[in-house]
Amino acid sequence: MRNLVIGAIFGIVTGAVVGATLIGPQLVEKIPGFTGKPNSGEVIPEPETAANKAQSENPKITLKTPPVSPSQPGLRWRMASAFSSTFANLGDLAKRLERQIGRVSDGRLRIQLHEPGTLVASDQMFDAVRSGTIEAAFGTTSFWAAKIPALRLFESTPFGPPAQEFLSWFYFSGGQKIYQDIYHKQGIHGLICGVAAAEASGWFKKKIESVDDLKGLRMRISGLGAQVMSKLGVETQSMSDGDVFVAFESGMLDAAEFSQPSVDLKLGLYRMADHYYFPGWHQPVTLVELIINLDTWDALRTTQQTQIATVCGDNVRYSLAQSEAAQFIALKELVRLGVNLESWPTEVLDKLNEAWVEVVSEEAQQDKDFQRVWRSMQRFREEFGIWRELSRP
41 MRNLVIGAIF GIVTGAVVGA TLIGPQLVEK IPGFTGKPNS GEVIPEPETA
91 ANKAQSENPK ITLKTPPVSP SQPGLRWRMA SAFSSTFANL GDLAKRLERQ
141 IGRVSDGRLR IQLHEPGTLV ASDQMFDAVR SGTIEAAFGT TSFWAAKIPA
191 LRLFESTPFG PPAQEFLSWF YFSGGQKIYQ DIYHKQGIHG LICGVAAAEA
241 SGWFKKKIES VDDLKGLRMR ISGLGAQVMS KLGVETQSMS DGDVFVAFES
291 GMLDAAEFSQ PSVDLKLGLY RMADHYYFPG WHQPVTLVEL IINLDTWDAL
341 RTTQQTQIAT VCGDNVRYSL AQSEAAQFIA LKELVRLGVN LESWPTEVLD
391 KLNEAWVEVV SEEAQQDKDF QRVWRSMQRF REEFGIWREL SRP
């Protein structure tokens, strides 16, 4: 029954997309004013002081820079972001967090956003927060999962739960406790502070019709998804988004995974390859987080902690709705541009799932925290699956 339900849903979505191709002007008409990013609203300007003027002139700091004391009146935090504030669906959430904290605290708590690399390098954010060099960082666990592999499951899980199911497990079935246990051992407090829709599987120069077509394929993909692809003979590579275009043009890449349709459209990946595969089995959801130095968090008043947690919760609400709403608009534009929307052959998807079972088994054997997270999530999914089948018409 479960497969039947999933198949029916996918059939409806596929039919809608095919209809977009056949009907023509009605579905490919570009939406007036569409930019791929939400209206972020009015931004509260920072008051000009000698302190923040000096900081803006020379914002780069080292790991030896002393932290700001949380007891200072008019508390201001420095927050490094892994995403540019202009990056749709993710970066604009950091800007929204900065703005909303100032509003709900009536200016008594300000979290100042610093663009990627201007405060500390992205690969140093975790250590900078842990040491208290900076108060907070905004990103996804993939930026520091090499230090703590179990954290990968708190960004997304291949063939794992979508957003609604993940959040149910996280907040009400033990996920959050495990998450904080892992982070608190590192001197960090974490908060889920945004959600992005499922990603696409990636852009391919050629159509994939069998598992054999994956062997020897050179693909830009990282994380747990890369480990799965490697099991099927794919030559995986990790590279920056800028390098992806150069690698495609020089013939060094045959495929690349990046993000959701709305983001991929804005980046122009359709110019490099025209076979766009679904579903994004490797990343059915993306969880964005705010990490805070634990001593700094504990020094806050309960009211201040509640304000931060509330704004992050509102970020989750906003981003979940906004990100989902943006994807079909982007798909229509991609179809208009000549992109072929493809679905994985059942044989290939089954083999990818089998490879994932191998990967997760290996990871769980090597890391106790990874095993703890995985077992908790799987227990919940088995029970939730029954409710999901019964509750859907």
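Under the working numbering, the first residue of the sequence shown is numbered 41, with each subsequent residue one higher.
Every residue, glycine too, gets a C-beta built ideally from N, C-alpha and C.
Remember, it's a predicted structure, so these values are computed and weren't measured experimentally.
So, with DSSP's three-state summary, where would you put residue i?
i           : result
residue 413 : helix
residue 341 : coil
residue 232 : strand
residue 292 : coil
residue 224 : helix
residue 423 : helix
residue 139 : helix
residue 332 : strand
residue 96  : Since pLDDT at residue 96 reaches only 44, below the 50 mark, its modelled position is unreliable, and the value read off the structure follows with that caveat. Helix at residue 96.
residue 282 : helix
residue 275 : strand
residue 120 : strand
residue 256 : coil
residue 111 : Its pLDDT being 45, under 50, residue 111 is placed unreliably by the model, and the measurement read from it follows with that caveat. Coil.
residue 430 : helix
How should residue i be labelled, buried or exposed, when 16 other C-beta atoms within 10 angstroms of its C-beta is the threshold for buried?
i           : result
residue 211 : exposed
residue 91  : Unreliable placement is indicated for residue 91, whose pLDDT of 41 sits below 50; no coordinate value is reported for it.
residue 418 : exposed
residue 239 : buried
residue 342 : exposed
residue 414 : buried
residue 286 : exposed
residue 432 : exposed
residue 355 : buried
residue 338 : exposed
residue 221 : exposed
residue 430 : exposed
residue 346 : exposed
residue 103 : Because residue 103 carries a pLDDT of 49, less than 50, the predicted location of this residue cannot be relied on, and the following value inherits that uncertainty. Flag for residue 103 reads exposed.
residue 260 : buried
residue 267 : buried
residue 422 : exposed
residue 154 : buried
residue 377 : exposed
residue 357 : exposed
Can you tell me which of the options puts its alpha carbon nearest to the alpha carbon of residue i?
i           : options               : result
residue 232 : 201, 242, 255 and 194 : 194
residue 369 : 191, 199, 302 and 348 : 302
residue 175 : 189, 192 and 150      : 150
residue 202 : 324, 228, 328 and 373 : 324
residue 205 : 337, 327, 344 and 383 : 327
residue 460 : 121, 191 and 147      : Outside the displayed range of the chain (41 to 433) lies residue 460, so it cannot be described from this structure.
residue 200 : 265, 273 and 374      : 265
residue 348 : 129, 141 and 152      : 141
residue 39  : 271, 172, 223 and 378 : The requested residue 39 is not part of the displayed model; the chain covers only 41 to 433.
residue 410 : 124, 197, 373 and 166 : 197
residue 148 : 332, 114 and 156      : 114
residue 249 : 422, 382, 420 and 306 : 382
residue 365 : 300, 428 and 421      : 300
Along the chain, where does the alpha helix (DSSP H) that runs through residue i open and close?
i           : result
residue 388 : 386-406
residue 303 : 301-307
Taking 8 Å as the threshold (beta carbon to beta carbon), is residue i in contact with chain B?
i           : result
residue 419 : No chain B is present in this structure, which holds just one protein chain.
Along the chain, where does the beta strand (DSSP E) containing residue i start, and where does it finish?
i           : result
residue 168 : Careful: residue 168 lies outside any beta strand (DSSP E), inside the alpha helix (DSSP H) at 165-171.
residue 267 : That residue, residue 267, is in no beta strand (DSSP E); its alpha helix (DSSP H) goes 263-271.
residue 381 : 380-383
residue 322 : Here residue 322 belongs to no beta strand (DSSP E), and DSSP marks it neither H nor E.
residue 242 : 242-244
Any heavy atom of the ligand MN within a distance shorter than 7 Å of the CB on residue i?
i           : result
residue 268 : The model depicted lacks the ligand MN and carries no ligand whatsoever.
Report the start-end ranges of each alpha helix (DSSP H) in the region 146-216 that is 4 residues or longer and not cut off at the edges. Whole alpha helix (DSSP H) segments, 4+ residues: 165-171 and 203-212.
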